[in-house]
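Student: Residue numbers (UniProt numbering): 1 to 386.
Glycine included, each C-beta is placed from N, C-alpha and C at the ideal position.
In structure tokens:
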């Protein structure tokens with residue numbers, strides 16, 4: 001195998017496009033060249049390059065067949081190999097009893113092959129109008145899809161635009177439509193006042209055709225990011241799963257309140273918000289998160305905005321996150337069911353991963369840590385602790 005062939009196989013492996021035969025060739029080549037035990041817990045590219053160069057030179061000296069032209073490896077090739085290896089180790093497992101991250105083993109997992117058919121989420125949603133009519137937004141053409149009380153709902157690209165009218169505004173305000181985003185979906189909506197809402201998978205938003213009276217109110221389940229149009233005379237309110245109310249004048253914030261979650265999390269990026277729960281309320285400022293345990297507590301903590309907002313940038317960002325929590329996100333985005341086998345309470349991961357990539361590639365990155373294995377049967381994934 002030439003160096004370029006090796007690099008191509010590495011890249012294909014990381015992208016999840018290797019065949020079983022190619023994976024076996026890759027593993028065999030690494031074992032032959034002694035590249036399986038390099039310590040990649042060192043987060044210094046130069047050290048890794050030096051290590052790879054040294055190991056390659058050792059491999060050259062120890063070859064019994066001098067016709068193998070390993071001397072073609074140069075600094076540029078070594079750097080490329082190092083870069084690929086760094087990518088493979090981006091997902092790091094952290095156990096409470098370990099202080100140093102172990103080097104991953106490039107071992108092919110045959111049971112994940114079916115995952116290549118499980119595609120990432122895409123733009124899809126269903127709109128249920130106040131009169132009960134249901135519209136599949138995935139297959140609908142762009143243009144006006146509903147006219148009610150002199151208000152139009154228009155599909156435009158990957159979202160909806162609701163344009164309310166001043167005429168019959170009270171009637172329009174009492175007319176609630178509901179957009180539902182399934183697992184494996186996303187959608188965004190521009191409300192009558194110009195407020196922009198981005199909805200994550202497994203979420204829903206109920207909204208009127210127009211905002212009348214002295215408030216602008218919508219109803220949310222799941223997760224959404226709001227950029228609220230400013231109107232000091234008419235506060236914007238979000239009823240979150242019927243459990244708490246967020247009140248703002250004009251601001252940017254993210255709300256997470258998925259069904260069966262034990263918390264509601266409100267993260268503020270800009271402006272200010274007031275959160276009402278039971279008979280108490282709190283205010284948060286940009287960079288803070290309000291955590292509601294749905295019992296007796298509203299707590300304010302510093303927010304990791306990059307992690308919270310990752311989904312709006314089409315990314316997964318895991319920061320020492322438990323595999324249980326990670327797989328909830330995977331389940332919603334890839335539309336799969338998840339089971340667990342064994343104790344996974346101490347299995348945490350770090351890393352960034354594009355939500356546009358295949359599920360197989362993501363699971364393979366996790367398996368490289370040699371701490372977890374995945375069994376895939378149809379759209380059901382079993383997470384097996386090692």
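Could you compute how far the alpha carbon of residue 347 sits from the alpha carbon of residue 325?
Tutor: Going by the C-alpha atoms only, they are around 11 Å apart.
Student: For residue 133, is the classification buried or exposed, using 16 other Cβ atoms within 10 angstroms of its Cβ as the cut-off for buried?
Tutor: By the 10 Å Cβ count, residue 133 comes out exposed.
Student: Alpha carbon to alpha carbon, how far is residue 211 from residue 105? Give it in angstroms, no decimals.
Tutor: Because residue 105 sits at a pLDDT of 43, beneath the cut-off of 50, its placement in the model cannot be relied upon, and the point is left open.
Student: Which value, in whole angstroms, describes the spacing of the CA atoms of residue 142 and residue 289?
Tutor: So the alpha carbons of these two residues sit roughly 37 Å apart.
Student: Which residue marks the beginning of the beta strand (DSSP E) containing residue 162, and which one marks its end?
Tutor: Its beta strand (DSSP E) spans residues 159 to 163.
Student: Sorted by chain position, which residues of the same chain lie with C-beta nearer than 7 Å to residue 317's C-beta, five sequence neighbours on each side aside?
Tutor: Here the set comprises 306, 307, 310 and 352.
Student: Count the CB pairs spanning the stretch 249 to 257 and the stretch 224 to 232 that are closer than 8 Å, and state whether there are at least three.
Tutor: These segments touch.
Student: Mapping DSSP to helix, strand and coil, what is residue 183?
Tutor: In the structure shown, residue 183 sits in coil (DSSP, three-state: anything other than H, G, I, E or B).
Student: Taking buried to mean at least 16 other C-beta atoms within 10 Å of its own C-beta, is residue 302 buried or exposed?
Tutor: The residue is exposed, with fewer than 16 neighbouring Cβ atoms inside 10 Å.
Student: Cβ atoms of residue 219 and residue 199: under 9 Å apart, would you say?
Tutor: No. Outside cutoff.
Student: If you follow the beta strand (DSSP E) that residue 333 is in, where does it begin and where does it stop?
Tutor: Looking at the DSSP string, residue 333 is not in any beta strand (DSSP E); the run it does join, the alpha helix (DSSP H), is 323 to 334.
Student: Under a Cβ-count criterion, where at least 16 other Cβ atoms within 10 Å of its own Cβ denotes burial, should residue 464 be classed as buried or exposed?
Tutor: As shown, the chain starts at 1 and ends at 386. That puts residue 464 outside it, with no answer to give.
Student: Assess contact between the stretch 183 to 199 and the stretch 241 to 249, defined as three or more Cβ pairs (one per stretch) separated by less than 8 Å. Is contact present?
Tutor: Too few Cβ pairs lie closer than 8 Å, so no.
Student: Does residue 469 come out as helix, strand or coil in the three-state DSSP assignment?
Tutor: One cannot answer for residue 469 here, as it falls past the ends of the chain, which runs 1 to 386.
Student: Which same chain residues, not among the five before or five after residue 283, have their C-beta less than 8 Å away from its C-beta?
Tutor: These residues qualify, in order along the chain: 272, 273, 274 and 275.
Student: Beta carbon of residue 458, beta carbon of residue 359: below 9 Å?
Tutor: A query on residue 458 cannot be resolved here, the shown segment of the chain reaching from 1 to 386 and no further.
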